[in-house]
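As structure tokens, the structure follows; a few thoughts come after it.
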Amino acid sequence: MTRMPLRPLARILKARETGENPDVIEAEIRAKRHEEMHDKSRQRAEGRLLVLGLAFFCAFITIGARMGTLASSVPEEPRATTVGNPIIGQRADIVDRNGRILATNLATHSLYAHPRDMIDPANAAKGLAAIFPELDEQELLADFTGERKFLWIRRQISPEQMQAVHDIGSPGLLFGPREMRLYPNGSVAAHILGGASYGREGVASAEVIGVAGVERQFDGFLRDPANEGAPLELSLDLTVQAAAEQVLAGGMSIMSAKGAASVLMDVHTGEIISMVSLPDFDPNNRPRMLTSGDQSDSPLFNRAVQGVYELGSTFKIFAVAQAMELGLINANTMIDTQGPLTWGRFRIRDFHDYGPELTSTDVIVESSNVGTARIAMQIGADRQREFLGSLGFLEPTPVEMVEAPTGKPLLPPHWSEISAMTISYGHGLSSSPLHLAAAYAAVANGGTRVEPTLRKVETPVVGPRVMSDAVSQSAVHMLRQVVTRGTASLGEVAGYEVAGKTGTADKPRETGGGYYDDKVIATFASVFPASDPQYVLIVTLDEPSVYTLGETRRTAGWTAVPVAAEMIRRVGPLLGLRPHVDSSQPVSVTLTSN
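Add 1002 to a position in the sequence shown, counting from 1, and you land on the number used in our numbering.
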């Protein structure tokens, strides 16, 4: 920019010629220059104020719009974001047939440490050992003062424990969000649910996976986001399950048994309403597997599914039912029971001398081994094997549990005639209580096979027929007489018309072969109500023994039968069964007036 000098020579010379003062020219030019400078300064200030005003206006509009958006939206807690591959922690609930929670999720926290960030490692180790007694203070101190940069303290902690760790005040103790599997009913249905643990883990989340039972069997379903959180519905009834566990635990204690199992099943659908195995455990704190000894002694062992036993005389009804189906006998056919029955070097005897013969019905009522063996001889080994196979005794049960394949029946290596004779009264073939429940359901429901299931059945599927309806009714009638006048007289429950069969089998020795003289498996297989069968109940006691009437008794009639009767008495009303009361007097109405 060209600036005018304060004393231009041309104007100075002209002023001197005319006698004017040159200083006036300089003052004029200086005033004009100052005025121009002032105008430029004012313009710059006005521009800056305009820009600042526009900035404030835009900020006001932005803040107002954000406040309006927040005011019209639903409030929610902020969520932390993580970098990398996210771990899916969501897992669906498990509910019983009435929608009651069996397993669910609980939001909690994990506790981990960054030793490099700790100011006082000794105090942190001491505080953690006081909060978590299972932790060793010296080991923690060694980890905190060593070379480690990261250390898991606890995978999950309670809110109270979290607050206690907060109070330690160490910046190196950190928390991460965590979802844990919770079983609000404790040990109820423990063997069915199985339990869950953590798979992939991170400080911000962890993968919850099933480790046993239905948790593992349906792990994919429970973790599938496509199900939109829909719960897994089981056939169990939580109230019935809890009552059955309570009764069975009491019976196991009274009968001095080392273990017990029970199965309650709908005879038409195969739905398992209750299944108990004792001793049990709390899936919230699942114990470790045994590393030595007999695994069947572990509380993790499911006796109802994995336990295979010789179930004794409960098998006799199958031999009689098959013979009736083949037309070899009827309910009143006389059977030779003269004993002992000799086959080669084997001798089959009865517990009592029942005389030279009994009707086929009384063979069941009196539980005659000799009579049942003679019926099996008429049937033959091949036809017996085929019939028991149609009832499901030749393969593991298809119930929806990962443990089911391990409950494979133990069959004779060669199914000979003597095998058929001993199997007819429950020796020589080992199966689980669940196998027995499914087979008794087929006997009771009119003769069609059912598949045991832990899923709630909406539409029952009729299975293949294994016996006629007439044979089924005759078999149930025989079982009813076992309770009214036979070996299961202690199983009578007023109003519920219990039918069933006892079975007492000597336990085989673990080594050396042969059987124990003082250890038995006592089983009572029952159906109720006999007039219209709805449910089958199997109760099995391992090594029961009760002292009564002056002697020690181990047979099922004195051990398993009373326990089953009490269980039916307890769960019958819970199942919605109205007791049937016989009235010996005619009902009459008498009119009265005030």
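We put the CB at the ideal spot given by N, CA and C, even for glycine.
Note that this is a predicted model, so its numbers are computed, not measured.
Beta-bridge partners of residue i, as assigned by DSSP
i: Leu1413; result: According to DSSP, which records beta bridges pairwise, Leu1413 is partnered with nothing at all.
i: Ile1425; result: In DSSP, Ile1425 forms no bridge with anything.
i: Phe1530; result: Tyr1537
i: Ala1262; result: Leu1280 and Leu1543
i: Asp959; result: Past the boundaries of the shown model lies residue 959; the chain is included only from 1003 to 1596, so the question cannot be answered.
i: Glu1273; result: Thr1455
i: Gly1505; result: Thr1525
i: Thr1450; result: Arg1467
Neighbourhood of residue i by C-beta, 7 Å cutoff - its chain only, sequence neighbours within 5 removed
i: Pro1301; result: Pro1281, Asp1282, Phe1283 and Pro1289
i: Gly1497; result: Pro1581, His1582 and Val1583
i: Val1085; result: The pLDDT assigned to Val1085 is 45, lower than 50, so where the model puts this residue is not dependable; a value taken from the coordinates is nonetheless given after this. Within the same chain, Val1085 has no close Cβ partners at all.
i: Ile1155; result: Leu1113, Tyr1114, Ala1115 and Leu1130
i: Ala947; result: Only positions 1003 to 1596 of the chain appear in this structure, which leaves residue 947 out of reach.
Local conformation of residue i per DSSP, three classes
i: Pro1546; result: coil
i: Tyr1311; result: strand
i: Gly1253; result: helix
i: Phe1348; result: strand
i: Thr1020; result: helix
i: Ile1366; result: helix
i: Ser1474; result: helix
i: Met1326; result: helix
i: Glu1494; result: coil
i: Arg1046; result: helix
i: Ile1337; result: strand
i: Val1026; result: helix
i: Met1291; result: coil
i: Phe1403; result: In the sequence under discussion, the amino acid at residue 1403 is Met, which differs from the Phe named in the question. Coil at Met1403, not helix or strand.
i: Thr1513; result: coil
i: Val1468; result: coil
i: Arg1555; result: strand
i: Lys1318; result: helix
i: Gly1430; result: coil
i: Asp1519; result: strand
i: Gly1488; result: coil
i: Pro1080; result: With a pLDDT of only 49 at Pro1080, under the threshold of 50, the placement of this residue in the model should not be trusted, and no figure is reported.
i: Leu1343; result: strand
i: Leu1056; result: helix
i: Thr1064; result: helix
i: Thr1071; result: helix
i: Leu1360; result: strand
i: Ser1172; result: coil
i: Leu1481; result: helix
i: Ser1298; result: helix
i: Thr1461; result: coil
Other residues of its chain near residue i: CB distance less than 6 Å, five sequence neighbours each side excluded
i: Ala1082; result: For Ala1082, the predicted structure reports a pLDDT of 44, less than 50, and the residue's modelled location is therefore unreliable. A value from the coordinates is still provided. Cβ within range, chain order: n/a, list empty.
i: Trp1417; result: Ala1383 and Arg1387
i: Gly1488; result: Val1367
i: Pro1398; result: Ala1406, Pro1407, Gly1409 and Lys1410
i: Arg1183; result: Ala1198 and Val1210
i: Thr1597; result: Since the displayed the chain opens at 1003 and closes at 1596, residue 1597 lies outside it and no answer follows.
i: Ser1369; result: Ser1315 and Thr1489
i: Pro1161; result: none
i: Glu1568; result: Val1249
i: Val1473; result: Ala1323, Met1326 and Glu1327
Run of the alpha helix (DSSP H) containing residue i, from where it starts to where it stops
i: Ala1566; result: Ala1562 to Leu1576
i: Asp1355; result: It is not in any alpha helix (DSSP H) - Asp1355 carries neither H nor E in the DSSP assignment.
i: Gly1373; result: Asn1371 to Ile1381
i: Leu1436; result: Pro1435 to Ala1446
Residues of its chain near residue i, where Cβ-Cβ distance is below 8 Å and the 5 sequence neighbours each way are ignored
i: Gly1201; result: Ala1208, Glu1209, Val1210 and Ile1211
i: Phe1223; result: Ala1094, Asn1229 and Leu1234
i: Gln1297; result: Met1291 and Phe1303
i: Glu1079; result: Note that Glu1079 has pLDDT 48, beneath the 50 cutoff, so the model's placement of it is unreliable and the number below is only indicative. Here the set comprises nothing.
i: Ile1337; result: Ile1331, Glu1359, Leu1360, Thr1361, Ser1362, Val1365, Ser1370, Gly1373, Arg1376 and Ile1377
i: Asp1138; result: Ala1131
i: Leu1551; result: none
i: Glu1460; result: none
Span of the beta strand (DSSP E), counted from its first residue to its last, around residue i
i: Leu1179; result: The amino acid at residue 1179 is misidentified as Leu; the sequence shows Pro. Per DSSP, Pro1179 belongs to the beta strand (DSSP E) from Leu1175 to Leu1184.
Any chain C beta carbon closer than 8 Å to residue i
i: Leu1456; result: In the displayed structure, chain C is absent; only one protein chain is listed.
Open item on the list: In chain order, what are the residue ranges of uninterrupted beta strand (DSSP E) at least 3 long that sit wholly in the stretch 1192–1247?
Closed with: Within the stretch 1192–1247, the complete beta strand (DSSP E) segments at least 3 residues long are 1197–1203 and 1208–1214, listed from N- to C-terminus.
TODO: Mind listing, in chain order, the continuous beta strand (DSSP E) runs of no fewer than 3 residues lying wholly within the stretch 1082–1170?
DONE: For secondary structure counted as the beta strand (DSSP E) over 3 or more consecutive residues, the stretch 1082–1170 holds these complete runs in sequence order: 1103–1115 and 1153–1159.
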